[in-house]
Amino acid sequence: MGNEFEGFATTPTLTLEPFQEEKQAPAPVPEKEEPALDDSLLSEEEKRAVDAFASQIDLTNSAVILQYGAGTQKKMADFSENALENVKTKDLGEIGDLLSGVVRQLKDFDEEEEKGFLGIFKKPANKISAMKAKYAKAEVNINQICKVLENHQVQLMKDIAILDKMYAVNLTYFKELSMYVLAGKKKLNEIRSTTLPELLNKAQSSGLPEDAQAAKDLDSMCNRFEKKIHDLELTRTISIQTAPQIRLVQGNDTLMVEKIQSTIVNTIPLWKSQMVLALGVEHSAQAAAAQREVTDMTNELLRKNAEKLKMATIETAKESERGIVDIETLKITNESLISTLDEVMHIQQEGRQKRQEAEREMQRLEGELKQKLLQVQG
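Next comes the structure, spelled out in structure tokens:
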């Protein structure tokens, strides 16, 4: 696809021999007359071409009237057929189905576990392996769909370029038809304002039947030519309607290209990044669980060691009181006991003081924590 409109002209051409090789013979520019059709859409060169062409039209020639503008009408018909074929070969519905397929794949992946990604973390065993397996399966399906979408995107971009050519060709035919209508109306006005009155005056003055027939024939030719111009105006109207139709099709193609592009460069990478984040969250959860087990085990060991130390200290104190009969030992023991009691009292006093300090510190920490929580909530 791409050469369908190579044979269509892109420059307006006027000819009295529409089905032969087109040529444009120069002619002197006649005196300007006000055209019946607005010629503001034409360039100065095209206006001069209309004036020159109008001077070549011979309304006494039936073949000229019959073939006038027929070449452009034939090209318009061929052009319309190609344009219709170009539209018929499209299936934008298939692209829509493919885009929907991407959405279904992502949705199925997210809902495979309870409540999407958050539900993945509720199952205890092999969660990361299961997530990677589901990701790989979904990625394969999505990549296959994206390859087809990319092919459609390339084709649509080619179609958009072809539609630009179609629009340019249609504009050329529109101008050609406008120039034919302008030239025809110029010639028709000229004949009806000059030649036809002259023939009528001649017939009336001479009274010859051949002069009357000549005037009648020219008047009939003018009527036929007027109908021919009307047919060209109808074809011109079709050309006007074709332009927005081409742009509508082109707009649909452009919209689908944008949707495909958004899916490929936005939706798919976003899904992949979310999957990476989900895997990272799962790794962090497992690390936190391991750290929690280590902390619990450490606290348990500390409690057990403290209990053993207490029991050992009590047993040692009991053993130290057994079988002592030496007074010096008793003195020493008594002094040691008093010293111990003093130290215990001192320790208790220090402990009480530290507990009070700790209580004040905990109250301060609690206040700071509450203040920080209020800041977070705000």
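So that you can map any letter, position 98 of the sequence shown is 98 in UniProt numbering, and since no number is skipped, the others follow by simple counting. Glycine included, C-beta positions come from ideal geometry on N, C-alpha and C. Owing to the predicted nature of the structure, the values given are computational and were not obtained by experimental measurement.
- Secondary structure at L277: helix, using DSSP grouped into helix, strand and coil.
- With respect to G184, I57 sits close: the two C-beta atoms are nearer than 9 Å.
- With 16 or more other Cβ atoms from the protein chains shown falling within 10 Å of its own Cβ, N170 counts as buried.
- Check the Cα spacing between G69 and each of L374, E139, S129, A54: the tightest is with A54.
- Each residue's CA atom was taken as its position, placing E176 and T72 some 7 Å apart.
- In this chain, the alpha helix (DSSP H) harbouring N201 covers 196 to 206.
- With three or more CB-CB distances shorter than 8 Å, the segment 246 to 266 counts as touching the segment 158 to 167.
- Beta-carbon to beta-carbon, L59 and K187 are separated by about 7 Å, close enough to satisfy the 8 Å threshold.
- Within the same chain, Cβ atoms closer than 7 Å to the Cβ of D219 are found at L196, the five residues on either side in sequence being excluded.
- Linking V140 to D231 through their CA atoms gives a straight-line distance of about 59 Å.
- Here A63 is exposed. Its C-beta has fewer than 16 other C-beta atoms within 10 Å.
- With a threshold of 16 other beta carbon atoms within 10 Å, T298 falls short and is exposed.
- Taking a C-beta distance under 9 Å as the contact criterion, D39 and L182 qualify as a contact pair.
- Of the residues assessed, S239 falls on the buried side of the cut-off, its CB having 16 or more other CB atoms within 10 angstroms.
- With fewer than 16 other CB atoms across the displayed protein chains lying within 10 angstroms of its CB, A312 is exposed.
- D296 has its alpha-carbon roughly 12 Å from the corresponding atom of A288.
- Inclusion of Q153 and I260 in the CB contact set at 9 Å is warranted, their separation being smaller than that value.
- Taken atom to atom, the span from the alpha-carbon of K47 to that of T172 is near 15 Å.
- Cα atoms of S43 and A49: separation of roughly 10 Å, rounded to the nearest angstrom.
- Assigned with DSSP and collapsed to three states, S43 falls in coil, not helix or strand.
- It is roughly 28 Å from the alpha-carbon of P244 to the alpha-carbon of E226.
- If you draw a straight line from the Cα of L277 to the Cα of S284, it comes to about 11 Å.
- DSSP places D58 in the coil class of the three-state scheme, outside both helix and strand.
- Judged by DSSP secondary structure, V257 falls within the alpha helix (DSSP H) whose first and last residues are 209 to 262.
- Around the beta carbon of I314, a 10 Å sphere encloses fewer than 16 other beta carbons of the protein chains shown; the residue is thus reported as exposed.
- For K202, the closest alpha carbon among the candidates E190, I191, S193, A215 is that of A215.
- With fewer than 16 other Cβ atoms inside 10 Å of its own Cβ, S206 counts as exposed.
- The DSSP-derived three-state label of G69 is coil.
- Under a 10 Å Cβ-count criterion, K75 is classified as buried, with 16 or more other Cβ atoms of the shown protein chains found around its own Cβ.
- Counting every other CB atom within 10 Å of its CB across the protein chains shown gives V344 a total below 16, marking it as exposed.
- Sequence-distant Cβ neighbours of E198 in its own chain, meaning closer than 6 Å and more than five residues away, do not exist here.
- Buried is the label assigned to T235, since at least 16 other Cβ atoms lie within 10 Å of its Cβ.
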